[in-house]
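Taking it in order: structure first as structure tokens, then the write-up.
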Amino acid sequence: MAVATVPVNSVCACTLRSLRTSTKFVSQFLTKCSSFKLGFESLQLRTTLPSRKLVVRAARTESKGVSLGFRAPNFEIPEPLTGKVWKLEDFESHPALLVMFICNHCPFVKHLKKGIVKLANFYMKKGLAVVAISSNSVATHPQDGPQFMAEEAKLFKYPFPYLYDESQDVAQDFGAICTPEFLLFKKDGRRPFELVYHGQFDDSRPSNNVSVSGRDLSLAIDCVLSGQPVPSIQKPSVGCSIKWHPERKL
Numbered sequence: 001m002a003v004a005t006v007p008v009n010s011v012c013a014c015t016l017r018s019l020r021t022s023t024k025f026v027s028q029f030l031t032k033c034s035s036f037k038l039g040f041e042s043l044q045l046r047t048t049l050p051s052r053k054l055v056v057r058a059a060r061t062e063s064k065g066v067s068l069g070f071r072a073p074n075f076e077i078p079e080p081l082t083g084k085v086w087k088l089e090d091f092e093s094h095p096a097l098l099v100m101f102i103c104n105h106c107p108f109v110k111h112l113k114k115g116i117v118k119l120a121n122f123y124m125k126k127g128l129a130v131v132a133i134s135s136n137s138v139a140t141h142p143q144d145g146p147q148f149m150a151e152e153a154k155l156f157k158y159p160f161p162y163l164y165d166e167s168q169d170v171a172q173d174f175g176a177i178c179t180p181e182f183l184l185f186k187k188d189g190r191r192p193f194e195l196v197y198h199g200q201f202d203d204s205r206p207s208n209n210v211s212v213s214g215r216d217l218s219l220a221i222d223c224v225l226s227g228q229p230v231p232s233i234q235k236p237s238v239g240c241s242i243k244w245h246p247e248r249k250l
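Oh and the sequence shown: position 134 is 134 in UniProt numbering, straight run, nothing missing.
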């Protein structure tokens, strides 16, 4: 019986080619696996990073430009919730008057809103008069318009009138430039209201983890109501700029 023989050199050549092919395949396979593993680890790294803390960002403006001793200007503006028109003379019988420039949308105002209501409720029982005014343009910020102001006053149970300064003349007369802005006036007999405090509510800001206390403003009110001088060193209030009408030139 004839037996087929294959040259040894041919066998070695075939085996060597097969081995090279296998080695190349294994090398490519390992490279792909390595790339896949690297990509997955990279994906894991990206997906397991801690999420960033939400930070409120808004254009920061500081209250300024109104000197202590400034006399409160007259005003005559409506309260959207009731329709009543309020004047400065409506507060003449009170020993002190707190004028606040606020609005609906400002994150700095939202942050203090409950604290403002709490402080107002406390000191209004002690004789302090309080009024809030919104002067923002509804052309640029319709959410600050009178209808929404009325809803806001009702929702947060404002104990003070929340007035709408449509012309923005009142804000300009008071020298207000931001929200919130706090101006505390004292009454000395028959003399006009005199500015004794123009500063912040307290050190709390959105996202700075300082609790709302109303410390700075309440200390000033305590001084006024007790007949003591208010410290002249006062930290400015920080907030959003008042949104002026596009056509208004300041």
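Beta carbons are placed, not taken as given, at the ideal position from N, Cα and C, and that holds for glycine. Just so we're clear, the structure is a prediction, and the values are computed from it rather than from any experiment.
Taking C-beta atoms as the reference points, L163 and F70 fail to come closer than 9 angstroms. Every unbroken stretch of the beta strand (DSSP E) spanning 3 or more residues and falling wholly within the region 188-240 is given here in chain order: 194-199. In the DSSP assignment, F122 falls outside any beta strand (DSSP E) and lies within the alpha helix (DSSP H) extending over 107-124.
Judged by DSSP in its simplified three-state form, K87 adopts strand. P231 counts as exposed, since fewer than 16 other beta carbons sit within 10 angstroms of its beta carbon.
Assignment of F160 by DSSP, reduced to helix, strand and coil, places it in the coil class. Here the region 201-217 does not lie against the region 144-151, with fewer than 3 beta-carbon pairs under 8 angstroms apart. Rounded to the nearest whole angstrom, the CA to CA distance from E247 to A176 is 18 angstroms. For L155, no beta strand (DSSP E) encloses it; the enclosing alpha helix (DSSP H) starts and ends at 146-155. The continuous stretches of alpha helix (DSSP H) do not include F101, which lies in the beta strand (DSSP E) extending over residues 96-101. The Cβ atoms of N136 and H105 lie closer than 9 angstroms to each other.
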